[in-house]
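Below is one structure; the comments refer to it alone.
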Amino acid sequence: MAKNNFSFNNLLVFLILYLVLLPCLSLGQVSTDLPIDTLKKLSLEELMNIEITVTSVSRQPEKLSEVASAIQVITRQDILRSGATSLPEALRLASNLQVSQINSYAHVISARGFNAIFSNKFLVMIDGRVVYSPLFAGVFWDAQSVLLEDIERIEVISGPGVTAWGANAVNGVINIITRSAKDSQGLYLSASKGTFLENFGAARYGGKISDNFHYRIYAQHFDRSNTFFPQDSLNTDKWRFTQTGFRSDWQVNSANSLILYGNLYFGKEYTFPSASSIDGQNVLARWTHNFSDSSQFIAQAFFDRTWREDIPSTISDELYTYDIEFQHQFYIKKRHNIIWGGGYRFMADNTINATPIVGFVPAKRNMPLYSSFIQDEISLMKSKLKFIIGTKLQHNVFTDFEIQPNVRFAWTPIHNHTVWGAVSRAIRAPSRIDVDYHIPVLPVPPTVQSVAGGPNFRSETLIAYELGYRFQPTEKLSLSLASFYNFYDNLYTVEALPGTLTYQIQNGALGETRGIELSGAYQLLKNWRLRGGYTYFHKDLRTKPEHT
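Right, here's the structure in full:
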């Protein structure tokens, strides 16, 4: 935990700032579909009545109140009022997430269990760019940074997001969506200094070339101090991070729009007596074409390079990712809303094993990924009842073809009351740590037991059953209840091979999880909104009979 020396003077300054800023707080959650100029003209009551729209469940805009999934939305206003200084801190606002901090720079984040050091069942995207690492199928959160001022909203799904997003969207999806360049015009400056967040500075400038072409550029830097162990002894995990980037939005004409953005970052993570290094670059382009009011085509491509030199593990990793995908949405007789698409991702991973003690064999591996999906949203009873049927088909280098179907329904018998349910099959595809990770037997004493990758490791699978209820009994109160029962098979195990000193990675476990998630928000006063949640979770995992 961070050590904080909070004096009476600090408290006095805090109270003064709080009293000055309190009248300026606006607590209405609003849809991002409306122009910012329009939103500024609305009263607080009008803002509160605007319906929030989300896109992460079905890859297209839909009303939050009618979504057939357990989803929570963290708005830009929520983040700015919370005092969060990083993405993991902002994600603590979602009560359906478990956010655990390991040290100053490392976090593990998941939902519905399996929040281990290699949390590998949660898919994370930033503006549609997948940021998981095929080294362990998880997310290096120390390399994910966004200027918090420029976040539009964060959509957090607990439960499978299979048809829309595919492999590794097993226990949920986090989609971080930034504001358009048009909505972030002018000059923004921010700076702070403290005991744990020692130094922080950010600058952003937004401008326009024409009324249809807007851009912004930004840079930010921070230094974070060491954390402390429970005994108050100093940890050696101080770190620093710098990131810069740009975004441009071009409304070419009424039917076509283009988005282009890119980022560059580098950082140092100090582990006595040396330091680990991270750096990376990424660029994304997205073209949207509207054939008509009921038909849209989106094509997207991105390049991402990441590098990390991890001193404690003596392993360095460099990953190049090339990704291209498209989707097409259209209606058939106003009852069937069809969305389909496909994509290709090529990942070239190169690890450098500094010592013979631990490493990946082979050191280099190319991992192409092919995918396609199709989904039909069927509207019945004047759109009060919707069935969503779809499937995702993927081909990966480890297990070939994987199919991930799901069926969902959403029933809105009366306004502001929605009952929803889903049955899904999801997979967590093998990563390099499942197949290529090795610790050899040393030829000199003391002899140690080795660990061998699992050449026959299969995908971990999930069959998920969900049922939920979302309602807003009054204008000030909204509540959501989601229940789930999950059956997992082929879970990761490390097992001794009979008669050897070798442990091998296998699929030797299965089990069930079940639980209930309750979340809600209440507008207590004009400038005061309360939000919270409760989760009951039970897990029962066991070894398969033929495994040890």
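Remember, the working numbering sits 29 above the position in the sequence shown when you count from 1.
Glycine is no exception: its CB is placed at the ideal position from the N, C-alpha and C atoms.
Residue from R158, I534, Q404 and I131 whose Cα sits closest to the Cα of P459: I534
Close beta carbons around D278, own chain, < 8 Å, minus the five adjacent residues each side: Excluding five sequence positions before and after D278, the CB atoms of its chain that fall closer than 8 Å to its own CB belong to S209, A210, K211, F242, H243, Y244, S286, L287 and I288, given in chain order.
Y349 to T335 span [Cα, whole Å]: 7 Å
For L506 and R558, the rounded distance between their alpha carbons: 10 Å
Beta strand (DSSP E) segment containing L348, residue limits: I344 to I361
DSSP three-state assignment for Q260, whether helix, strand or coil: coil
4 or more residues per run - each alpha helix (DSSP H) lying fully within the region 421-488: 461-464
Own chain residues within Cβ distance below 6 Å of R374, not counting five before or after: D352 and L398
I492 - DSSP class collapsed to helix/strand/coil: strand
Sub-8 Å separation of A193 and R276 beta-carbons: Not a contact, by the Cβ cut-off of 8 Å.
A119 - containing alpha helix (DSSP H), residue span: L116 to L120
Rounded separation between S254 and S345 - CA only: 24 Å
8 Å Cβ cutoff met for A439 and V202: Taking C-beta atoms as the reference points, A439 and V202 fail to come closer than 8 Å.
Best match in I108, V83 and T84 for proximity to R560 [C-alpha to C-alpha]: Cα-wise, what sits closest to R560 is I108.
heavy atom of the ligand MG below 7 Å from S488 C-beta: This structure does not include the ligand MG; it has no bound ligands of any sort.
Status (buried if at least 16 other CB within 10 Å, exposed otherwise) for R571: exposed
Alpha carbon of N149 to alpha carbon of I238, nearest angstrom: 43 Å
Limits of the unbroken alpha helix (DSSP H) element including R110: R105 to S111
Segment limits, alpha helix (DSSP H) that includes V191: V191 -> alpha helix (DSSP H) spans V191 to W194.
Cβ-Cβ distance between F402 and G419 below 8 Å: yes
Where S94 sits in the DSSP three-state scheme: helix
Classification of P90 by the beta-carbon crowding that lies within 10 angstroms, buried from 16 upward: exposed
Residues that N379 bridges to, as DSSP identifies them: The partner list for N379 (beta bridge, DSSP) reads E347 and K393.
Cα-Cα separation between N228 and Q272, rounded to whole angstroms: 14 Å
Rounded separation between N425 and V185 - CA only: 26 Å
Rounded C-alpha distance that separates L177 from S115: The alpha-carbon of L177 is positioned some 7 Å away from that of S115.
The region 156-167 contacting the region 439-454, beta-carbon criterion three pairs below 8 Å: no
Own chain partners of I65 with C-beta closer than 8 Å, once the 5 adjacent residues on each side are dropped: Reliability of the predicted coordinates at I65 is poor, the pLDDT of 46 falling under 50, and no value is obtained from them.
3-residue-minimum beta strand (DSSP E) runs that sit fully inside the region 194-277, ordered along the chain: Runs found: 201-207, 215-222, 226-239 and 242-253.
Spatial neighbours of I327 in its chain, beta-carbon cut-off 6 Å, leaving aside the 5 residues before and after: T317 and Q356
Proximity below 8 Å, CB of A198 to CB of A455: yes
Enclosing beta strand (DSSP E) for D333 [first to last residue]: S324 to D339
G562 versus G544 - alpha carbon distance: 13 Å
Opening and closing residue of the beta strand (DSSP E) in which L554 lies: First-last of the beta strand (DSSP E) with L554: T531 to L554.
Start-to-end residues for the beta strand (DSSP E) that takes in S85: Run containing S85: none; DSSP gives neither H nor E here.
CA nearest to the CA of S111, picked from I100, Q101 and A123: A123
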